[in-house]
Amino acid sequence: MQGDDAGGELAPARAWDLQPSGADTHDTVAVPAPTSWEGMDSRQRKEAQRLQESIERRMADQQLVRLLAEEGFAGSRYEAFENELARYAISVLRAWMYSGYIFKMAATRTYGLNPHELDLERLAADSDLREELASMTVALALPRFRQRAFVEGGWTFAGGAGITTYFMGACLYDFPNEFRRYRRSEAAEREAALQPHFDDEVLPGVEAEVVGRQTVRDALKDIPEKKVRERAVVALTVDGYTQEEIRNILGEDSVRAIEGVLHRWRKKAGAKKLQERGGERG
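If you want the numbering used here, it's the 1-based position in the sequence shown plus 2.
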């Protein structure tokens, strides 16, 4: 697990700023670094340095986008880029959740989630919950980010945001739904705890949701954090979504791709069970 005690510091300072809709899409010439800081006060020097760092970062991003575009934003190079972006975003989201800063960020997009004090305490205390919410948010954001930022040309050098900043903005569109899903599950769990349980009384809707959430966590336990796509497919499957629904949610090309992920996961899970049973007999 990545550490979360950095609060919001891991994130870019203006992660809610996506590219302006009217941004120039043509290549932009970088502003050269100042050869002298004479005549500038400390605030001006800091601002000039920040601007230069932003330009250099976006120049590197622009070159990367050109390389990825040559391969149609697909293939092994894009997959490696996507994995690195996912790892970064999950780390930042976990930190934002740990500190509660995620709700301030969501509010800048008019998503008034109004977290209860208990929600904030749970997020700060429960590393698995932060991982679950961050992984699902990133998995849902990645396909839309690819389409909007790269295929449709939404990300540009002139827009002012680096690629990672742009992607964190995209994640803020998906986090509210994931957080609401968690909160519904928590409400169901509290309701189940308050209900008297008699032998002839069942609470199918409530119990199914509570048990279902724990089942999702159990299923994800052995899937590495970096396998964002696999974690999302398995979590949605255990949650009861059909393969066609998962294909649409994650922006996959075909149901066969979903089947492939599930087949490999089931094969690994089956092998682990056999190994555990063998150990028990021994």
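C-beta: ideal position from N, C-alpha, C; glycine also.
{"Asked": "Where ILE165 sits in the DSSP three-state scheme", "Found": "helix"}
{"Asked": "Residues near GLN51 in its chain [Cβ-Cβ closer than 8 Å; skip 5 each side]", "Found": "none"}
{"Asked": "Host alpha helix (DSSP H) of ARG60 (start-end)", "Found": "44 to 72"}
{"Asked": "For LEU264, three-class secondary structure by DSSP", "Found": "helix"}
{"Asked": "C-beta contact flag for ARG89 and GLY164 at 7 Å", "Found": "no"}
{"Asked": "Nearest candidate by alpha-carbon position, reference ASP176, set GLU246, LEU252, LEU125", "Found": "LEU252"}
{"Asked": "DSSP state of ALA151 mapped onto helix, strand, coil", "Found": "helix"}
{"Asked": "Within 7 Å, strictly: CB atoms of ALA91 and VAL140", "Found": "yes"}
{"Asked": "Residues near PRO117 in its chain [Cβ-Cβ closer than 7 Å; skip 5 each side]", "Found": "PHE105"}
{"Asked": "Whole-angstrom distance between GLY41 and ALA136, CA atom to CA atom", "Found": "45 Å"}
{"Asked": "Three-state secondary structure assigned by DSSP to TYR113", "Found": "coil"}
{"Asked": "Other residues of its chain near GLU180: CB distance less than 8 Å, five sequence neighbours each side excluded", "Found": "LEU135, MET138, THR139, LEU142"}
{"Asked": "Other residues of its chain near GLY102: CB distance less than 8 Å, five sequence neighbours each side excluded", "Found": "PRO117, LEU122, LEU125, ALA126"}
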